[in-house]
Amino acid sequence: MDIGERVRRLEDRVEINELVVAYFLASDGDDLAGIGNSFAEDATFSASGIVTGTGREGIVEFIRSSREQMGLTVHTPHYVQLSFDAPDAAQGLIGAHLELVLGGELVYGAVRYVDRYRRIDGRWLIQSRDMRTIHIAPWRQVAEALESTTPSRWPGSPPAQSDYPRKPGTAA
Numbered sequence: 003m004d005i006g007e008r009v010r011r012l013e014d015r016v017e018i019n020e021l022v023v024a025y026f027l028a029s030d031g032d033d034l035a036g037i038g039n040s041f042a043e044d045a046t047f048s049a050s051g052i053v054t055g056t057g058r059e060g061i062v063e064f065i066r067s068s069r070e071q072m073g074l075t076v077h078t079p080h081y082v083q084l085s086f087d088a089p090d091a092a093q094g095l096i097g098a099h100l101e102l103v104l105g106g107e108l109v110y111g112a113v114r115y116v117d118r119y120r121r122i123d124g125r126w127l128i129q130s131r132d133m134r135t136i137h138i139a140p141w142r143q144v145a146e147a148l149e150s151t152t153p154s155r156w157p158g159s160p161p162a163q164s165d166y167p168r169k170p171g172t173a174a
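So the sequence shown is numbered by this note's numbering: it starts at 3 and just counts up by one.
If you want it as structure tokens, here you go:
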């Protein structure tokens, strides 16, 4: 890779990081236009592998309707791990914590977003996003959830395994 390509790759990394942060800020701010501007026209959004929104408008509608059940939210990204498949295609893994008021209850958890990005008309956009749950539970249940084999405890759903369960034999 020559110096120009190396600089471009660094610029791409910064642009994708900015895209990730812009999405989280738009989500927390109920900025539906900003959310829509984060996705490609034919993008998909999934939760634990289940598609919940297809196309930019479908994703915005899914998030809009989900947020009707939410109060204050805080999405905090911790890292963005990127790899590039081509000059205009990349994939990423984003680690984040969520604090949300959901159905009147404070919920706290950790997730990973498994993303694919595409540069379209000179701008990086999310092509697909799959939110994978590490743990999530009402605040008063966080310790119990983390110590269990079912740390995914979305209000209104039965307790479930993590999308990233511990491997057998790794317990202390």
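Think of the CB as a built atom: it goes at the ideal place given N, C-alpha and C, for glycine as much as any other residue.
Where the beta strand (DSSP E) through residue i begins and ends
i, result
"S150", "From DSSP, S150 is part of no beta strand (DSSP E); its letter is neither H nor E."
"S130", "R125 to P140"
"E101", "A91 to L104"
"S67", "Segment G57 to R69 is the alpha helix (DSSP H) holding S67; no beta strand (DSSP E) there."
"D117", "E107 to I122"
Supposed close pair residue i, residue j - CB separation, criterion 8 Å
i, j, result
"L104", "G111", "Rounded, the Cβ-Cβ distance is 10 Å, inconsistent with contact."
"V76", "G94", "Not confirmed; about 21 Å, so no contact."
"Q129", "R118", "4 Å"
"D132", "S48", "4 Å"
"P161", "E107", "15 Å between Cβ atoms; not a contact."
"D14", "R69", "Actually they are not in contact, since the Cβ atoms of D14 and R69 sit about 30 Å apart, beyond 8 Å."
Exposure of residue i, with buried meaning 16 or more beta-carbon neighbours within 10 Å
i, result
"V109", "buried"
"P153", "buried"
"T135", "buried"
"D87", "exposed"
"G6", "exposed"
"I122", "exposed"
"G55", "buried"
"L102", "buried"
Endpoints, the alpha helix (DSSP H) within which residue i is located
i, result
"D44", "That residue, D44, is in no alpha helix (DSSP H); its beta strand (DSSP E) goes F41 to A49."
"G31", "Element bounds for G31: n/a, residue is neither H nor E."
Three-way DSSP call (helix, strand, coil) for residue i in this model
i, result
"D4", "coil"
"G73", "strand"
"Q163", "coil"
Same chain, Cβ closer than 6 Å to residue i, neighbours up to 5 away in sequence not counted
i, result
"E17", "W126"
Spatial neighbours of residue i in its chain, beta-carbon cut-off 8 Å, leaving aside the 5 residues before and after
i, result
"F26", "H77, T78, P79 and A98"
Nonlocal neighbours in the same chain, by C-beta distance under 7 Å from residue i, ignoring five residues either side
i, result
"Q163", "T151, T152 and S154"
"V144", "Y110"
"F41", "R58, I61, L127 and I128"
"I37", "Y25, A28, S29, V62 and I65"
"S51", "The amino acid at residue 51 is misidentified as Ser; the sequence shows Gly. Hits under 7 Å: D132."
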